[in-house]
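Scroll down for the structure; my scribbles are underneath it.
2 protein chains.
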Amino acid sequence: MKGISIKDIAKQAGVSPTTVSFVLNGKAKEKRISEQVAKKIQKIATRLKYKPNQLARGLRTGKTKTIGLIVEDIANNFFATLAKVVEDEADKHGYKVLYGSTEDNTEKAKGLLEVLKYRQVDGYIITPTKNLDKEIELLQSAAKPIVLMDRYFPHVESHYVVLNNYQGAYDATTHLAEKGYQKIAIVTIASDQTQMKERLEGFTAALKDNKLPFNKSQVKRLPFDLDRESFINEIKKFLLSVKDLDAVFFATNYLGIAGIETIRGLGWEIGKDIGLIGFDDHDLFRLHSPSITCVSQPIAAIGKSIVDILMKELNHPTPAPATPYQQVRLEPELIIRDSSSRD
Amino acid sequence: MKGISIKDIAKQAGVSPTTVSFVLNGKAKEKRISEQVAKKIQKIATRLKYKPNQLARGLRTGKTKTIGLIVEDIANNFFATLAKVVEDEADKHGYKVLYGSTEDNTEKAKGLLEVLKYRQVDGYIITPTKNLDKEIELLQSAAKPIVLMDRYFPHVESHYVVLNNYQGAYDATTHLAEKGYQKIAIVTIASDQTQMKERLEGFTAALKDNKLPFNKSQVKRLPFDLDRESFINEIKKFLLSVKDLDAVFFATNYLGIAGIETIRGLGWEIGKDIGLIGFDDHDLFRLHSPSITCVSQPIAAIGKSIVDILMKELNHPTPAPATPYQQVRLEPELIIRDSSSRD
DNA sequence: ACAAAATGCTACATCGATTTAGCCGGACGT
DNA sequence: ACGTCCGGCTAAATCGATGTAGCATTTTGT
Numbered sequence: 001m002k003g004i005s006i007k008d009i010a011k012q013a014g015v016s017p018t019t020v021s022f023v024l025n026g027k028a029k030e031k032r033i034s035e036q037v038a039k040k041i042q043k044i045a046t047r048l049k050y051k052p053n054q055l056a057r058g059l060r061t062g063k064t065k066t067i068g069l070i071v072e073d074i075a076n077n078f079f080a081t082l083a084k085v086v087e088d089e090a091d092k093h094g095y096k097v098l099y100g101s102t103e104d105n106t107e108k109a110k111g112l113l114e115v116l117k118y119r120q121v122d123g124y125i126i127t128p129t130k131n132l133d134k135e136i137e138l139l140q141s142a143a144k145p146i147v148l149m150d151r152y153f154p155h156v157e158s159h160y161v162v163l164n165n166y167q168g169a170y171d172a173t174t175h176l177a178e179k180g181y182q183k184i185a186i187v188t189i190a191s192d193q194t195q196m197k198e199r200l201e202g203f204t205a206a207l208k209d210n211k212l213p214f215n216k217s218q219v220k221r222l223p224f225d226l227d228r229e230s231f232i233n234e235i236k237k238f239l240l241s242v243k244d245l246d247a248v249f250f251a252t253n254y255l256g257i258a259g260i261e262t263i264r265g266l267g268w269e270i271g272k273d274i275g276l277i278g279f280d281d282h283d284l285f286r287l288h289s290p291s292i293t294c295v296s297q298p299i300a301a302i303g304k305s306i307v308d309i310l311m312k313e314l315n316h317p318t319p320a321p322a323t324p325y326q327q328v329r330l331e332p333e334l335i336i337r338d339s340s341s342r343d
Numbered sequence: 001m002k003g004i005s006i007k008d009i010a011k012q013a014g015v016s017p018t019t020v021s022f023v024l025n026g027k028a029k030e031k032r033i034s035e036q037v038a039k040k041i042q043k044i045a046t047r048l049k050y051k052p053n054q055l056a057r058g059l060r061t062g063k064t065k066t067i068g069l070i071v072e073d074i075a076n077n078f079f080a081t082l083a084k085v086v087e088d089e090a091d092k093h094g095y096k097v098l099y100g101s102t103e104d105n106t107e108k109a110k111g112l113l114e115v116l117k118y119r120q121v122d123g124y125i126i127t128p129t130k131n132l133d134k135e136i137e138l139l140q141s142a143a144k145p146i147v148l149m150d151r152y153f154p155h156v157e158s159h160y161v162v163l164n165n166y167q168g169a170y171d172a173t174t175h176l177a178e179k180g181y182q183k184i185a186i187v188t189i190a191s192d193q194t195q196m197k198e199r200l201e202g203f204t205a206a207l208k209d210n211k212l213p214f215n216k217s218q219v220k221r222l223p224f225d226l227d228r229e230s231f232i233n234e235i236k237k238f239l240l241s242v243k244d245l246d247a248v249f250f251a252t253n254y255l256g257i258a259g260i261e262t263i264r265g266l267g268w269e270i271g272k273d274i275g276l277i278g279f280d281d282h283d284l285f286r287l288h289s290p291s292i293t294c295v296s297q298p299i300a301a302i303g304k305s306i307v308d309i310l311m312k313e314l315n316h317p318t319p320a321p322a323t324p325y326q327q328v329r330l331e332p333e334l335i336i337r338d339s340s341s342r343d
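Residue numbers (the UniProt record's numbering), protein chains in the order written: chain A, 1 to 343; chain B, 1 to 343.
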C-alpha cells in the first residue's frame, strides 16, 4: 500500500530513475531527454498517479512546501479567520500550513519555533511575543523567510504586515470625542509590543488633539492571561474608578467582549451612559443591542499580503532577502454603530 | 547553518552513527552499548542541542509525527476552538497538526486527503463531507488511523466522536414546547449527513412526543454554500411562509446568527413574538439581547476524546485497529437563556 | 585449554528523490 | 582517418536516520 515511486515509473518506462526525475521536474529540455521518452514517462506517471514523496524530496532539497503559522490563539476569531485566508492563499502555491498558538507566551513561542525548525518548514508567519526578537534574527540569519504579523520589532529589520493600529485607535477615540463624549478611558493589554503601544498612543494623541482631559487613571492595562471572569472583575473595578467616565475604548476583541459583559453587569446603558468602541469586528459587535462600534481589520487583505510576501521570498533564488524588507501597514476601518452614539 | 546531525555527534564521540542512533532512541541497553559510551553520547547530544531531522526519520520509518486535521471551516468558531484543543492535546504527544478546510465540498476534501497522504501524515482527524466514504475506507485499508468527527458514515466501520445531535435537537425542541410555543419550525442545512439528519429527527420526534403539529412546511433546508445575505433572504421568506409560527430552531451556529439578523430585520421580538434556539454556544448567543438559548457542544471533551483515540491507534504496534472501533457520542448541554422564554 | 557464548560496537543497505559527473555512440570537421 | 562535439541517457553520491547482519574481543563453561 505504499505509494508509487520514481523507480516504479523508471522500470515501466525502461529508463533510469534519473531520467524520470528530469522529466517530471520539467528539465527534459535542459537535460536533453528526447521528446518520445519524455512523453512516455509523463504518460506513465499520470497513469500511475505518481505523487512525489515529499519527505524524500524535502530531505534532498531542504524544501518541504510547508509554512509555519504561529498565532496568538487559533481559537480567537481574528486569528482563525486569518488562518483560513492563509490556508487558501498558501494552497494556491502548493504549500500546506502547520500552525501553533503562543498564548502570548514567549516560552511557548520559542518551543513552536524550535519544532517548526526541525520540521524544516520553508517559511514562517509569526505573531511574535515579546522577547522573541533574538529568535527571529537567528532565523533570519539562517536565511529563513519570515513575515511577522499583527506586531513587529522596531529595532529588527524584517518583513511584516500589520494594521495601522495608531490610526485605528486615533479614529475610534476621535469619533467618541466628536460624538460628545468627554471623559474617555481605554482598557488594553499590558504589553509593550507595537500593536498595543500604537493603540495606546493613538488613543492619547486623539484625546490631546480633541482637547480632552488625559491622565493615567484613564488607562487600564491588564495582563493577557486572565480568564474571562478576572477580566470582568478588573474592568469593573477600573470603570468604577474613573471619575465622570462617559466612554471607553477596548483595545482588543476579547477585551471588548468582556467589557460589554461588565458594563451590562453594572446596569449601565451602552451608548447613553457610556460610549463604547471595540477592536476587530465580530458577529457579536454587529448584532449586539445596541450594536458596537469597532475598529475593523481587513483580514483578507492582511492574509493575502502576508502570503504574497512570503511566496516572493520563497521563490527567490538568493539567500538574501528578495527585496528590501517589506513593511506593510494596512488601514483599519472604523465601523460606526450605536454604541458610540448618544441618540 | 544546517542543523546538527547524528554524524556530528558520532564524530565528536568517536563512535559510529549507528551507536549514536541506538543510544538516542533509548536502545542502549537492548543493543548492549556500554554505559560510558551511552552517557558520553547523551552529553554531547544535549550540548549540541541535537534534534533529529524529522524528514530523514520520517523517510526511514514512515512516521512523521504529524496529524492531518480536516475541518469544515477553520474560521468557524466551533472548528477553530476545536483546532485549539487538538493542537494542545496533540502537542502533549509530540505531534503537530496540518489543517485544511473543506467548505463542505467533497472535491476539496479529496484534494486535502490526497495532499495529506503524500505528506505522510500519521493519522487523520476528519470532518467528512458527503461521498467521502470511499476515500475513508481506502485510507483505512491502508491501515491509516482515522477518527471522524462531527458526523460519520453509518455504513462504514470507523472511529468517530460526535455529539448526540438527536438529543440536542430533541431537548431544544422539547424545551420550546414546554415553554408553550406551539408552532415550531426548523432551519437546517440541506445535507444527508448524520449530524444534520439527527438534528432534524430529534426535532420531529420532540414535536411528536409533545403532540405538536408537524408537516414539512415547518422545515427549511438550505444549501451550505450560501453567503450571509442569501441565508437571510431565504430564512426571511421561510419564516414568513409558516402559518402561526411562534418558534424556530436553527440547526447550526451560522444559521442561528443569520436567523437572529433575519428576525430582527423583520422587527419581531425574539422570545415574545418568536422563540429561538441556536446550535453551539457563541459569545453572541450569550450576550445578545435577549440572550439566545442554545445547544452547546462540549468542545474540550470532544477534542480530547478524538486525540485520545487517535493516539491509542498510533501507538499500537499492529496494523489492525487497536480495539474495536471506538464510537463516542457525547451529550450536548441545553443552555437555557431568554430567547426561549416568553416572560 | 578450547569451543561456545556473551559483549560492545560498526559497516552497510535502506527509505525516495535529486543532482553531479560522465559514459557511449554517431555526426562533423579537416 | 582521427579528434571533437554533441545528443541522449545513466551510475552513483547525497540528504539524515534507522536497523539488520555481523565482526572482533572477552568471558564463560567444562
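Each residue gets a CB set at the ideal place from its N, CA and C atoms; glycine is no exception.
Asked	Found
Just the chain B side, please: which residues come within less than 8 Å of residue 120 of chain A by C-beta, in chain order?	53, 54 and 55
Considering only residues of the segment 33-109 of chain B, which uninterrupted alpha helix (DSSP H) runs meet the minimum length of 4 residues and lie entirely inside it, listed in chain order?	35-47, 54-61 and 77-92
For chain A, find out if any of its Cβ atoms is closer than 7 Å to the Cβ of residue 26 of chain B; answer yes or no.	no
May I ask you to report which of helix, strand or coil DSSP gives residue 1 of chain B?	Bear in mind that a pLDDT of 49 at residue 1 of chain B, under 50, signals an unreliable position, so the number given afterwards is only what the model happens to contain. In the structure shown, residue 1 of chain B sits in coil (DSSP, three-state: anything other than H, G, I, E or B).
Quick check on the burial criterion: 16 or more other C-beta atoms within 10 angstroms. Buried or exposed for residue 337 of chain B?	buried
Suppose the cutoff is 6 Å on Cβ atoms and the five residues either side in sequence are ignored; what does the same chain contact list for residue 293 of chain B look like?	277, 336, 337, 339 and 340
With a threshold of 7 Å between beta carbons, is residue 289 of chain B in contact with chain A?	yes
Can the beta-carbon of residue 306 of chain B be found closer than 7 Å to that of residue 70 of chain B?	no
Do residue 135 of chain B and residue 112 of chain B come within 7 Å of each other at the CB atom, strictly closer than that value?	no
Is it buried or exposed for residue 195 of chain B, if we count other Cβ within 10 angstroms and need 16 for buried?	buried
Please state if the CB of residue 190 of chain B and the CB of residue 223 of chain B are separated by a distance shorter than 7 Å.	yes
Taking C-beta pairs closer than 8 Å, name the residues in chain A that residue 99 of chain B reaches, listed in chain order.	83, 87, 97 and 99
Can you list, in chain order, the residues of its chain whose CB lies under 8 Å from that of residue 78 of chain B, leaving out five sequence neighbours each side?	253, 280, 297 and 299
Have a look at the DSSP bridge pairing and note the partners of residue 377 of chain A.	No answer is possible for residue 377 of chain A: the residues shown for chain A start at 1 and end at 343.
Which of the residues in the segment 271-303 of chain A, read from start to end, lie with their CB under 7 Å from any CB of chain B?	283, 284, 287, 288 and 289
Between residue 59 of chain B and chain A, is any beta-carbon pair separated by less than 7 Å?	yes
When the cut-off is 7 Å and only beta carbons count, does residue 172 of chain A lie next to chain B?	no
Output, in sequence order along the chain, the residues in the segment 152-176 of chain A whose CB is closer than 7 Å to any CB in chain B.	none
Kindly indicate which three-state DSSP category residue 216 of chain B falls into: helix, strand or coil?	helix
Just reading off the beta strand (DSSP E) that residue 175 of chain B is part of, what are its end residues?	Run containing residue 175 of chain B: none in the beta strand (DSSP E); it sits in the alpha helix (DSSP H), 165-178.
For the beta strand (DSSP E) containing residue 132 of chain B, list its first residue and its last residue.	First-last for residue 132 of chain B: undefined, no H or E at that position.
Counting along the chain, where does the alpha helix (DSSP H) carrying residue 265 of chain A start and finish?	253-266
Can you name the residues of chain A whose CB is closer than 9 Å to the CB of residue 348 of chain B?	With chain B covering 1 to 343 only, the question about residue 348 of chain B has no answer from this structure.
Apply the 10 Å Cβ neighbour rule to residue 30 of chain A and answer buried if 16 or more other Cβ atoms are within range, or exposed otherwise.	exposed
Could you work out which residues of chain A lie near residue 257 of chain B, taking near to mean beta carbons separated by less than 8 Å?	283 and 287
Rounded to a whole number of angstroms, what is the C-alpha to C-alpha distance between residue 61 of chain A and residue 120 of chain A?	11 Å
Going by DSSP, what residues sit across from residue 249 of chain B in a beta bridge?	B/186 and B/277
Roughly how far, in whole angstroms, is the beta-carbon of residue 159 of chain B from the beta-carbon of residue 148 of chain B, given that I think they are within contact range, below 8 Å?	7 Å
Less than 7 Å between CB atoms is the rule here; does residue 260 of chain B satisfy it with respect to chain A?	yes
Given a cut-off of 7 Å, decide if residue 199 of chain B and residue 258 of chain B are closer than it, judged by their beta-carbon atoms.	no
Could you compute how far the alpha carbon of residue 98 of chain A sits from the alpha carbon of residue 128 of chain A?	16 Å
Does any C-beta atom of chain A lie closer than 7 Å to the C-beta of residue 1 of chain B?	With a pLDDT of 49 at residue 1 of chain B, under the threshold of 50, the predicted position of this residue should be treated as unreliable, and no value is reported.
Compute the beta-carbon to beta-carbon distance between residue 249 of chain A and residue 184 of chain A, rounded to the nearest angstrom, for a pair I have assumed lies under 8 Å.	7 Å
Quick one: give me the first and last residue of the beta strand (DSSP E) that residue 123 of chain B is part of.	123-126
Under 8 Å by Cβ, that's how I've got residue 40 of chain B and residue 66 of chain B pegged, so tell me the actual separation to the nearest angstrom.	Going by Cβ atoms, the distance from residue 40 of chain B to residue 66 of chain B rounds to 32 Å, so no, they are not a contact pair.
So residue 15 of chain A is in the alpha helix (DSSP H); what residue range does that whole segment cover?	Premise fails: residue 15 of chain A is in no alpha helix (DSSP H) and is neither H nor E.
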